[in-house]
Amino acid sequence: MRDGDLVVSAPQVSFSELEKLLGKLGNPLVSGDTIKFHDLSCLALSTTTVLRLMLKFLKAGISIELCGLGVTITPDRESDLFLLVEAFDSHWRQIHGIKTNAKREAKAGRKPRLTLEQLPDIQRRLAEPGATHESVAKDLGVARSTLFGFLKAHKDVSG
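Residues in the sequence shown are numbered consecutively from 52, following my numbering.
Structure, rendered in structure tokens:
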């Protein structure tokens with residue numbers, strides 16, 4: 052420990068409440084600060100919770116020092132340890148279906164099988180002698196119910 056270090060005992064304060072406590076004491080955590088752990092085993096939190104909180108602090112520019120191991124994890128996004136913590140957190144979130152990255156999200160819905168541009172052609176085909184909804188749907192490569200639904204949505208159900 053160095054002069055100026057604020058010591059918080061794990062049995063008295065939960066790691067998840069650390070940020071609030073320091074703010075109340077007039078020592079809010081800011082970018083450039085370092086949180087030091089003498090022993091991770093004294094934290095009464097699951098490993099995944101510790102990883103998520105570590106990542107939260109790292110993304111806020113706060114370093115984490117594991118004194119017993121002699122390891123410091125810096126908020127530098129190029130740091131191997133930072134990337135490892137981030138990878139573990141992403142892995143946990145992916146397994147549990149928690150969205151973490153908007154660019155990975157699939158677009159909602161699927162492409163429509165029939166479009167408005169096809170409507171005049173569909174109407175023309177249905178108007179031909181002997182044409183049935185079933186034959187037109189088969190030619191378009193869609194189910195008959197898809198064709199009926201499309202025509203109903205466009206207020207043109209005939210036959």
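C-beta: ideal position from N, C-alpha, C; glycine also.
Quiz item: Name the DSSP bridge partner or partners of THR123?
Solution: In the DSSP output, where bridge partners are listed per residue, THR123 has GLU116.
Self-check item: Start and end residues, alpha helix (DSSP H) containing LYS189
Solution: Here the alpha helix (DSSP H) through LYS189 covers 184 to 191.
Exercise. Please determine if the segment 159 to 176 and the segment 194 to 208 are in contact, where contact requires at least 3 C-beta pairs separated by less than 8 Å.
Key: With a cut-off of 8 Å, the segment 194 to 208 and the segment 159 to 176 count as touching, because enough Cβ pairs lie within range.
Quiz prompt | Contact set for ALA188: own chain, Cβ-Cβ below 8 Å, skip 5 residues either direction | solution = Counting only Cβ-Cβ distances below 8 Å, and skipping sequence neighbours, we find ALA194, ARG195, THR197 and LEU198.
Practice problem: Identify the continuous alpha helix (DSSP H) that holds THR98 and give its terminal residues. | Solution: That run of the alpha helix (DSSP H) goes 98 to 110.
Quiz item: With a CB to CB cut of under 6 Å and the five nearest residues on each side skipped, what residues in its chain are close to LYS206?
Solution: There are no such residues.
Self-check item: Distance, GLU116 Cα to SER92 Cα
Solution: When rounded, the separation of the alpha-carbon atoms in SER92 and GLU116 is 14 Å.
Self-check item: Span separating the alpha-carbon of SER130 from that of HIS89
Solution: Cα to Cα, SER130 sits roughly 22 Å from HIS89.
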